[in-house]
Structure formats: structure tokens, C-alpha cells
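Take numbering that gives the first Met the number 0: the last position of the sequence shown gets the number 90, and nothing is skipped along the way.
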Amino acid sequence: MSTDANAGDDRMEKINVRVPKSLLDRIEEEWERRGYASKSEAIRDALRDWVAPSVTLSEETLSDLAESREQAERDETVSADEARERLGMDD
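Laid out in C-alpha cells, this is it:
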């Protein structure tokens, strides 16, 4: 592992990662199209999302999830298969 200076006080660490060729091919196709200056920048961005996902649920969604959980605990839910059957839908 080697280190390089980065803008600011953060030091950049160099790591070696092995990936399947098919994944590398997709990275090669995408990094520039998505506006990244380099593959490294694209991969750093993906790693940041992995360690700190930006998805947050709204209060409404959290409330809906809590209600669904309570309905399941009261046995007021049906499986997807049963719902399709009740609605006369085929797979």
C-alpha cells in the first residue's frame, strides 16, 4: 500500500483490488460517461456510497413500514400468491 497527498489534509492510500474482467469492462464503459475524471474517482465515489449510504427514509415511509409490521404481527396480511389468487391474476 502506498500513500499520496490529496487536496486538504487527507492522505490517499493506494490499494490493489482484483475484480472480474466483466466488472472491469463495465467500469471502463461507465466512468467517463457518468462524468468522472478517472476510474479511480468513480470507484472512490462508489466506496463512499457503500460505507455511508445516502438513502434516508421519509417519516411517512417509516410510519407506513411500522403500520405494515403491526399488521403482520396481527396476522392481517396475505402472501403475494394469495393476493394474486384473490384478484384472479395469473403469474
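Where is the CB? At the ideal position from N, CA and C, for every residue including glycine.
Counting along the chain, the unbroken alpha helix (DSSP H) around E27 starts and ends at K20 to E29.
For R17, no alpha helix (DSSP H) encloses it, and the DSSP letter there is neither H nor E. Residue state for R47 is assigned as helix, using DSSP reduced to three classes.
The beta carbon of L64 sits closer than 8 Å to those of L56, all from its chain and outside the five residues before and after it, given in chain order. Distance from the Cα of K13 is smallest, within the candidate group R32, S21 and I42, for I42.
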